[in-house]
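2 protein chains.
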Amino acid sequence: MGSNHIGSGSRPIPSGGSSGNSLQSGSPNGPMGIPIANSASFRQIVSSSAPTSSFDMEAFVRGGRGSSNSSNQSTNPTVDSDFYRDRRKKDIHNMIERRRRYNINDRIKELGLMLPKSTAEEMKLNKGTILKASCDYIRQLQQDRDVMLKQQHERQQLEEATKLYAKRVRELEDALQKNGLNIPEGTNPPPLPNKTSSENSSNNRPIKQEPFEEPLSPSQTPTGSYVKICQFFILKV
Amino acid sequence: MGSNHIGSGSRPIPSGGSSGNSLQSGSPNGPMGIPIANSASFRQIVSSSAPTSSFDMEAFVRGGRGSSNSSNQSTNPTVDSDFYRDRRKKDIHNMIERRRRYNINDRIKELGLMLPKSTAEEMKLNKGTILKASCDYIRQLQQDRDVMLKQQHERQQLEEATKLYAKRVRELEDALQKNGLNIPEGTNPPPLPNKTSSENSSNNRPIKQEPFEEPLSPSQTPTGSYVKICQFFILKV
DNA sequence: AGTATCACGTGATACT
DNA sequence: AGTATCACGTGATACT
């Protein structure tokens with residue numbers, strides 16, 4: 001792990017989303033919002049977005065059940081009702097926002113876990129560095145893919161050459177035999193396989209070649225940029 | 001662009017970070033915080049984090065210059081000085097936080113631009129979907145790399161076979177010549193190249209094979225997981 | 001002290 | 001109305 005602060009899972013604890021700034025107690029989290037293991041012990045754990053303090057919970061629930069505002073025993077039922085309705089609305093809003101936030105943070109953590117070990121080791125991981133490293137990593141992977149796709153083309157040329165060599169061997173052997181000569185011992189080339197492991201495997205998804213530096217090129221059809229990688233050699237020598 | 005809401009550049013406009021919630025005027029931004037082009041016209045543009053409204057700017061500046069609190073002509077110099085000092089501190093804090101936020105958002109936008117066109121087209125891009133798609137994309141690229149590295153091994157076998165075939169051709173030709181026979185016309189295999197384009201190019205960074213599903217494997221040395229990709233064939237036939 | 005990190009709640013806003 | 005999005009300012013917190 002080293003100086004890397006990213007730990008595993010375990011949600012930050014919502015503190016009950018009530019009444020704004022003055023009651024905000026802050027969160028005792030480490031970097032990346034992942035709470036230190038024992039920090040959960042000294043604060044109230046609330047798993048939902050329901051408010052837990054600082055105002056009349058009973059009235060809140062009553063208001064939420066849709067009871068008429070005249071049935072409130074408060075001195076000013078209308079104002080109270082408005083207040084609790086508003087509070088309820090805000091709490092729902094906060095919950096939605098919290099969910100969104102968690103989702104984003106989870107994805108960033110996920111990205112952090114996908115980075116090459118070396119990158120993750122030598123960097124102090126926080127949201128910014130994870131995202132930067134992810135950009136760099138994607139660029140590297142794309143570049144590698146482009147290089148390897150180019151090499152794939154070279155391999156196809158090699159296949160052709162091999163086919164021709166194998167054919168030539170048969171021609172020469174025929175010529176020797178036709179003249180009553182023995183085929184000499186010596187180098188014994190291996191038989192060329194008909195199928196490769198990549199063709200036999202069920203995972204033969206085509207590898208897509210993205211347009212380089214021209215993300216909006218109109219000439220790129222969706223399927224036109226596909227390069228089949230499963231064309232190793234099927235030789236009939 | 002389609003239903004894609006990601007536009008190009010142009011910072012959201014900080015509204016001058018003064019005095020908390022009651023003065024917050026909100027931001028007229030589109031999705032992903034990128035302001036609609038003409039929305040800048042109906043709000044004050046402030047390029048720094050300096051506050052612009054709702055309190056005595058003069059006093060703020062004076063307080064910031066380190067004048068003694070007794071020189072203020074306010075009715076309560078000490079309280080005012082504390083207030084402006086605190087305000088100043090918060091503004092700096094807000095600026096730092098804003099910088100951090102911009103950085104994160106810029107990186108997410110950058111990720112969004114690196115995604116395959118098809119993905120970017122069919123998805124409604126927001127922070128969450130960009131991050132999810134980025135995770136998926138990295139997984140795909142890693143998988144492609146693994147498949148292609150496996151194929152690279154197969155190509156090396158093919159190289160060996162080709163070398164042997166070429167050698168066999170020479171043996172057979174020698175045998176024919178030794179017996180006074182003409183070498184028959186027929187298939188004419190191409191000469192095997194000594195170098196490939198990938199070797200000639202300066203870009204021969206090795207492609208790293210990350211350990212699969214074992215990110216903490218201790219047996220993986222930093223250099224042990226490298227697979228040279230520049231080993232196409234140097235044949236001496 | 002200064003310079004970072006983070007989660008949070010909130011209002012503005014958009015689409016349904 | 002309900003359910004999302006976003007940027008923002010803020011306090012807690014950590015490291016220097």
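Sequences listed follow chains A and B, in order.
Heads up: the first sequence at position 119 corresponds to 119 in UniProt numbering, and the numbers run straight through without jumps.
Heads up: the second sequence at position 110 corresponds to 110 in UniProt numbering, and the numbers run straight through without jumps.
We put the beta carbon where it would ideally sit given N, CA and C, even for glycine.
C-alpha distance - residue i paired with residue j, whole-angstrom precision
i              : j              : result
residue 182(A) : residue 179(B) : 11 Å
residue 83(A)  : residue 102(A) : 28 Å
residue 133(A) : residue 153(B) : 29 Å
residue 175(B) : residue 185(B) : 16 Å
residue 189(B) : residue 163(B) : 12 Å
residue 177(A) : residue 156(B) : 32 Å
residue 122(A) : residue 137(A) : 14 Å
residue 125(A) : residue 112(A) : 8 Å
residue 172(B) : residue 173(A) : 7 Å
residue 151(A) : residue 89(B)  : 58 Å
residue 99(B)  : residue 105(B) : 10 Å
residue 130(B) : residue 118(B) : 13 Å
residue 165(A) : residue 114(A) : 44 Å
residue 142(B) : residue 127(B) : 23 Å
residue 94(A)  : residue 120(A) : 33 Å
residue 192(A) : residue 135(B) : 39 Å
residue 209(A) : residue 187(A) : 40 Å
residue 149(B) : residue 107(B) : 30 Å
residue 85(B)  : residue 85(A)  : 38 Å
residue 207(B) : residue 158(A) : 22 Å
Residue i classed as buried or exposed, judged by whether at least 16 other C-beta atoms fall within 10 angstroms
i              : result
residue 92(B)  : exposed
residue 87(B)  : buried
residue 109(B) : buried
residue 147(A) : buried
residue 81(A)  : buried
residue 144(B) : buried
residue 168(A) : buried
residue 116(B) : buried
residue 97(B)  : exposed
residue 160(A) : exposed
residue 205(B) : exposed
residue 139(B) : exposed
residue 170(B) : exposed
- Taking only runs of the alpha helix (DSSP H) that begin and end inside the UniProt domain "BHLH" (88-141) of chain A, which ones reach a length of at least 4 residues, in chain order? Within the UniProt domain "BHLH" (88-141) of chain A, the complete alpha helix (DSSP H) runs of at least 4 residues are 117-122.
- Item | Residues from the region 130-147 of chain B in contact with chain A, defined by Cβ distance under 9 Å | Cβ contacts with chain A: 130, 131, 132, 134, 135, 137, 138, 139, 140, 141, 142, 143, 144, 145, 147.
- Query: Which full runs of the alpha helix (DSSP H) of 4+ residues lie inside the region 144-193 of chain A, going along the chain?
  - Reply: None, since the region 144-193 of chain A contains no complete alpha helix (DSSP H) of that length.
- Item | Interfacial residues, the region 94-125 of chain A to chain B, with Cβ spacing under 9 Å | Here the close residues are 100, 103, 104, 106, 107, 108, 110, 111, 113, 114, 115, 116, 117, 118, 120.
- the region 164-192 of chain A: which residues have C-beta closer than 7 Å to a C-beta of chain B, in chain order? Those would be 164, 165, 166, 167, 168, 169, 171, 172, 173, 175, 176, 179, 181, 184, 186, 187, 189, 190, 192, in chain order.
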